[in-house]
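In our numbering, the protein residues as written are 3 to 287.
Here the structure comes first, spelled out in structure tokens, and everything after it is commentary.
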Amino acid sequence: MTIVSGMTGTAPPTAGTVMSATGAGAITARAVIRTAAGPGGTTRLETLLSDPPLTLRRTGPARVHLVGSGAGPLGGDHLTLDVDIAPGTALEIRSVAAMLVLPGPADSTMTVNARVGAGASLRYSPEPTVLAAGCTHRLTVRLSLAADAEVFWREEIIFGRHGERPGRGHSRFDVTVADRPLLRQDLVVGRPSVEGSPAVYGHARCVGSSLVAGPRWSARAVPAIGNDPPTAPVQASGDGWTALPLAGPGVLVSALAPDAVELRARLTRGEEAAERIAAGRIVAW
């Protein structure tokens, strides 16, 4: 589906990748979101292309919800979401429910490619990904920001459904700002060598991270605190969470928790701390 200036129509079959079999019942699907600058500094959705099970719904002037119009992803499925935020525009992307990754005859993948143009902003906060027992899943995020773009990006992973062991998951998060690396992060779930270590997840059943990035978090933008120079690193932490300034213009919030509700609460506290870091009002280590 393509939305242009508030008008809705059905995209032609050649507009996106058509679902195709990659194995017994496996699916390949690609959904696309593109914004464009509207009159008076507004944002319009230039392209909103769904490809089930990745179904997109416009839920506000600059907000889109991802709706799972099918089960999974199941083992063997390969799903891709491409996001292009045009210069000077803003968009929020959410989802209506958690993504339950189910086992199948092969590994499943979810790839998100996002580009945020000059002076643009993106808020990406889907519901958690649940790794059901027996699944093997890889999530890859490639996020490219212009020098003055802003982003809020949250990722939450639940270690299996209630009472079951988690499947295997590997999350890779690559972020660049003005073509320079800002973050390279890997999270691995379901490997005995990792989940059995008290130095990694301990007794936690959920892991999450939030990235906030943009000019407000650059070293030059953070004011001096006391006798410290403006470039001094400032970190905050609490029960089960930490907010760590990156070498570039951003802060990474990381959290562990026994359940999804507490994970969201801890990430929220870390995100609030990241805002205080930008304002130079927090110095707790």
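The C-beta atom is built at its ideal place from N, Cα and C for all residues, glycine as well.
Chain-order list of residues whose beta-carbon lies under 7 Å from that of residue i (same chain, five-residue window excluded)
i: S220; result: P251
i: L248; result: L184, L185, L254
i: A276; result: V214, A245, V253, V255
i: E48; result: V6, R36, T37, A38
Proximity of residue i and residue j at Cβ, strictly below 9 Å
i: V153; j: S123; result: yes
i: A100; j: E129; result: yes
i: G259; j: G242; result: A small correction: the amino acid at residue 259 is Ala; Gly does not occupy that position in the sequence shown. Contact: yes.
i: R144; j: V114; result: yes
i: A28; j: G77; result: yes
i: A111; j: L68; result: It is Thr, not Ala, that sits at residue 111 in the sequence shown. Not a contact, by the Cβ cut-off of 9 Å.
i: A73; j: P55; result: yes
i: R96; j: T131; result: no
i: E264; j: C208; result: yes
i: R266; j: G240; result: no
Which residues DSSP lists as bridging residue i, in chain order
i: S146; result: R117, T178
i: W155; result: Y126, L213
i: C137; result: According to DSSP, C137 bridges with nothing at all.
i: L68; result: L58, S97
i: L258; result: V209
i: R186; result: D176
i: G74; result: DSSP output for G74 lists no bridge partner at all.
i: G252; result: A215
i: R170; result: T138
Residue span of the beta strand (DSSP E) that contains residue i, given as start and end
i: G272; result: Premise fails: G272 lies in the alpha helix (DSSP H), 262-281, not in any beta strand (DSSP E).
i: P247; result: 243-247
i: S97; result: 92-97
i: E48; result: 45-51
i: S220; result: Counting along the chain, S220 falls outside any beta strand (DSSP E), and DSSP gives it neither H nor E.
i: L56; result: 56-62
i: R207; result: First-last for R207: undefined, no H or E at that position.
i: A238; result: 238-240
i: R36; result: 30-39
i: H80; result: 80-87
Same chain, Cβ closer than 6 Å to residue i, neighbours up to 5 away in sequence not counted
i: T91; result: T37, A39, T45, A122
i: S146; result: R117, T178
i: S256; result: S211, T244
i: D188; result: R174
i: A280; result: R218, W219
i: G136; result: P105, G169
i: P194; result: none
i: E94; result: R65, R125
i: A151; result: V118, A122
Cβ-based neighbour list, residue i, same chain, cut-off 8 Å, excluding 5 preceding and 5 following
i: L133; result: V103, H139, I159, I160, F161, G162, P168, G169, R170, G171, V191, G192
i: T57; result: A33, L68, V69, G70, S71
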